[in-house]
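For reference, each letter of the sequence shown is one residue, going 2 to 335 in our numbering.
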Amino acid sequence: MLTHGLIDFATRREREQNAPAHVDAASAAFAHDLAAALATRPRSISPKYFYDARGSALFDRICELPEYYPTRTELDILSQYAADIAVQMGPRAEIVEFGAGSLRKVRLLLDAMQSPARYLPIDISGEHLARSAAALQHEYPELDVQPVVADYTQRLLLPAVAPGAGRRVGFFPGSTIGNFAPQEALHFLRVAAQVLRGGALLLGADLIKDPDVLHAAYNDAQGVTAAFNLNLLARANRELGADFALEQFAHSAFYNAPQQRIEMHLMSRCRQQVAFGGNSYDFDEGETLHTENSYKFTITGLRALAAHAGFRPGPVWTDEKRLFSLHWLNAPSE
Ligand code: AVI
Numbered sequence: 002m003l004t005h006g007l008i009d010f011a012t013r014r015e016r017e018q019n020a021p022a023h024v025d026a027a028s029a030a031f032a033h034d035l036a037a038a039l040a041t042r043p044r045s046i047s048p049k050y051f052y053d054a055r056g057s058a059l060f061d062r063i064c065e066l067p068e069y070y071p072t073r074t075e076l077d078i079l080s081q082y083a084a085d086i087a088v089q090m091g092p093r094a095e096i097v098e099f100g101a102g103s104l105r106k107v108r109l110l111l112d113a114m115q116s117p118a119r120y121l122p123i124d125i126s127g128e129h130l131a132r133s134a135a136a137l138q139h140e141y142p143e144l145d146v147q148p149v150v151a152d153y154t155q156r157l158l159l160p161a162v163a164p165g166a167g168r169r170v171g172f173f174p175g176s177t178i179g180n181f182a183p184q185e186a187l188h189f190l191r192v193a194a195q196v197l198r199g200g201a202l203l204l205g206a207d208l209i210k211d212p213d214v215l216h217a218a219y220n221d222a223q224g225v226t227a228a229f230n231l232n233l234l235a236r237a238n239r240e241l242g243a244d245f246a247l248e249q250f251a252h253s254a255f256y257n258a259p260q261q262r263i264e265m266h267l268m269s270r271c272r273q274q275v276a277f278g279g280n281s282y283d284f285d286e287g288e289t290l291h292t293e294n295s296y297k298f299t300i301t302g303l304r305a306l307a308a309h310a311g312f313r314p315g316p317v318w319t320d321e322k323r324l325f326s327l328h329w330l331n332a333p334s335e
């Protein structure tokens, strides 16, 4: 499965054939990938389609849930070890954040750093990026904030390091690396090691733990994660005119221990047909659309993966319960 838009092979013509004329390019990509997912068995689609405005708002709520420990724990680690991280960064470093990011997280770094030179958030969504860049620039008037609109999972061109600036440090928090398939994670880390040559990457990675804790994090009592998952179908109805009967699909999330990942699926509660893009698709009772993988790591496994991608792993910071980890990965000059 391709996650997070790593590679998008669809031609414009292929997309247009599956999409009504009025939909924009993003909707056309969704239409194309949904048609491909429904036509293939087992069915799976990239988790990047969770994040329309409603899905992004639901994800923000997930981050506040009592069961969803990753965001809270990573913030705790960042605040506890910000000074140590700042020492690794050195003076006048610049931060390249992969994803427009949470201002709360980068702020913890900026506040601990010695004269941060520049902040380069990279995101494919220009609008979200412009908003977070403007907010940060307002709070840190001395900082040079330069948003870069790009798909960071592809080859990536960044402005040259400014004269007199320190190290270039990548920041990829939240364990978003876990939403990539293993080959995609390796590819992303290879690209990152290249663009950060001579600098480093600060990478957040969720850890393997008691499956009950993992299970609860993706099956919260308030049903926010279920709504987040089902929003993919709601979005298809809203945006693409599909006719998914939402009450006929159930949120299913479980820990697949041999694969070391949480899998999220949407499971058909009955035998049914779904109309979409002029076609009709059969679902058997119990059949699923696989919507997300969220890989969990061991500290040694993550370090080995990073080393394989060309990094020299450095310090690792974690919480007392070893729920989550933050890795300092040096990117050699050549
Ligand atoms: C964005 N990503 C790291 C989240 C995760 O935990 O894999 C997305 C998410 N899916 C369900 N809950 C949160």
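Every residue gets a Cβ at the ideal spot worked out from N, C-alpha and C, and that includes glycine.
On a predicted model such as this, the values are computed, not experimentally measured, just so you know.
Beta-ladder partner(s) of PHE255, from DSSP: GLU264
For ASN238, the first and last residue of its enclosing alpha helix (DSSP H): 225-241
Residues bridged to SER295 [DSSP beta-bridge criterion]: ILE263
VAL88 classed as buried or exposed, judged by whether at least 16 other C-beta atoms fall within 10 angstroms: exposed
ASN238: CB within 8 Å of a non-hydrogen atom of ligand 1: no
Proximity test, THR74 beta-carbon vs ligand 1 heavy atom, cut-off 8 Å: no
For ASN220, three-class secondary structure by DSSP: Taken through DSSP and simplified to helix, strand or coil, ASN220 comes out as coil.
Residues near GLU286 by beta carbon distance below 8 Å, same chain, minus five either side: SER269, ARG270, CYS271 and ARG272
Residue closest to SER116, alpha-carbon to alpha-carbon, out of LEU130, MET90 and ALA101: MET90
Inter-residue spacing [alpha-carbon to alpha-carbon] between ASP85 and PRO316: Each residue's Cα considered, the two are about 10 Å apart.
Of the listed residues ALA166, MET114, ARG108 and TYR82, nearest to GLN138 (C-alpha basis): ARG108
Contact set for ASP320: own chain, Cβ-Cβ below 7 Å, skip 5 residues either direction: Excluding residues within five positions, the ones whose Cβ falls inside 7 Å are THR74, ASP77 and ILE78.
Buried or exposed by the 16-neighbour rule on C-beta atoms within 10 Å, applied to LEU158: exposed
Buried versus exposed, by CB contacts within 10 Å (16 or more), GLY279: exposed
Contact test: ILE46 Cβ vs ligand 1 heavy atom, cutoff 8 Å: no
TYR69: CB within 8 Å of a non-hydrogen atom of ligand 1: Result yes, Cβ under 8 Å from ligand 1.
Own chain, CB closer than 7 Å to PRO148, minus 5 neighbours either side, in chain order: PRO122, LEU130, ALA131 and ALA134
Neighbour-count burial assignment, THR301, 16 or more Cβ in a 10 Å radius: exposed
Neighbourhood of ALA136 by C-beta distance below 7 Å, restricted to the same chain and skipping five residues each side: Excluding its 5 nearest sequence neighbours in each direction, ALA136 has C-beta neighbours in its own chain below 7 Å: LEU104, listed in chain order.
Nearest-angstrom Cα separation, counted from SER281 out to PHE325: 43 Å
Residue burial classification, ALA307 (beta-carbon count within 10 angstroms, cutoff 16): buried
Between the CA atoms of PRO259 and GLN223 - distance to the nearest angstrom: Here the alpha carbon of GLN223 sits roughly 28 Å from the alpha carbon of PRO259.
Cβ-based neighbour list, ALA22, same chain, cut-off 8 Å, excluding 5 preceding and 5 following: Legend: pLDDT at ALA22 = 39, less than 50; position of this residue unreliable, no value from coordinates given.
Proximity test, ILE63 beta-carbon vs ligand 1 heavy atom, cut-off 8 Å: Because some heavy atom of ligand 1 lies under 8 Å away, the Cβ of ILE63 counts as near it: yes.
Bridge partner(s) assigned by DSSP for LEU204: DSSP output for LEU204 lists PHE173 and HIS328 as bridge partner(s).
Exposure label - VAL97; buried when at least 16 CB within 10 Å: Burial is judged here by how many other beta carbons sit within 10 angstroms of a residue's own beta carbon; VAL97 has at least 16 and is buried.
Neighbourhood of ALA243 by C-beta distance below 6 Å, restricted to the same chain and skipping five residues each side: ALA237 and PHE277
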